[in-house]
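With the sequence shown counted from 1, adding 23 to any position gets you this note's numbering. Heads up, the beta-carbon is just placed ideally off N, CA and C, and yes, glycines get one too. What follows is a single structure, written as structure tokens, with notes after it.
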Amino acid sequence: MFGLGKTVTMALVGWLWADLLLGMFAIFLAANTSSAAVSQPEHQSVDPQVVQISIPIDGAMLLSGSNAAIAQEQDRIATAVTDKLVQQKGQRKVAVALAFASNELPTEGDRLAKAATAKLNTGLFTGTVVKTYHELVVGDPGRTLSLELYLYY
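Structure follows, in structure tokens:
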């Protein structure tokens, strides 16, 4: 009728067959992909019960002492905190540490808390998130460091 013969029909059937095969190949390829097993890292949970530790510190030395004196006081603080933690909870790692340094001035309290917790980054405190804050105490030059520790299970 329109001048279309057997050859045109066979050519169209061939293309249709090729398209169907390509579509089926894509569907089966997508359906049969098996991904390699991804190992999930062990998730540690944080104990919601807080461990409170309070120790005396030498605020004047931490804020204006020599480098050697500051390092010695920081080592003493880290050792005292670790010892108290081991006495209370054993060898559990610390997830989050909130540190409050007492001082009558907020800026000095913040500086003091940062200086006092500078060495809390090894041992049980490896990978710990340490947040430092001031604790306003009238007339206090910086005598106390209070820690709220959240431990891993």
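Item	Value
Short Cβ contact (8 angstroms threshold) for A139 with L174	no
Option in G88, M47, A53, T105 with minimal Cα separation from L170	T105
Under the three-state DSSP convention, the category I80 falls into	coil
Backbone secondary structure at E65 - three-state DSSP	coil
Cβ-based burial, D81 [other Cβ within 10 Å; buried from 16]	buried
Sub-8 angstroms separation of L168 and A122 beta-carbons	yes
Nearest-angstrom Cα separation, counted from T130 out to Y156	9 angstroms
C-beta atoms of G132 and A124 nearer than 8 angstroms	yes
Simplified DSSP state of L43, which is helix, strand or coil	helix
Residue from A41, V117, Q110 whose Cα sits closest to the Cα of V152	V117
Assigned secondary structure, A122 (DSSP; H/G/I helix, E/B strand, else coil)	strand
For L172 and S77, the rounded distance between their alpha carbons	11 angstroms
According to DSSP, residues forming a beta bridge with L172	V74, A120
Under the three-state DSSP convention, the category T149 falls into	coil
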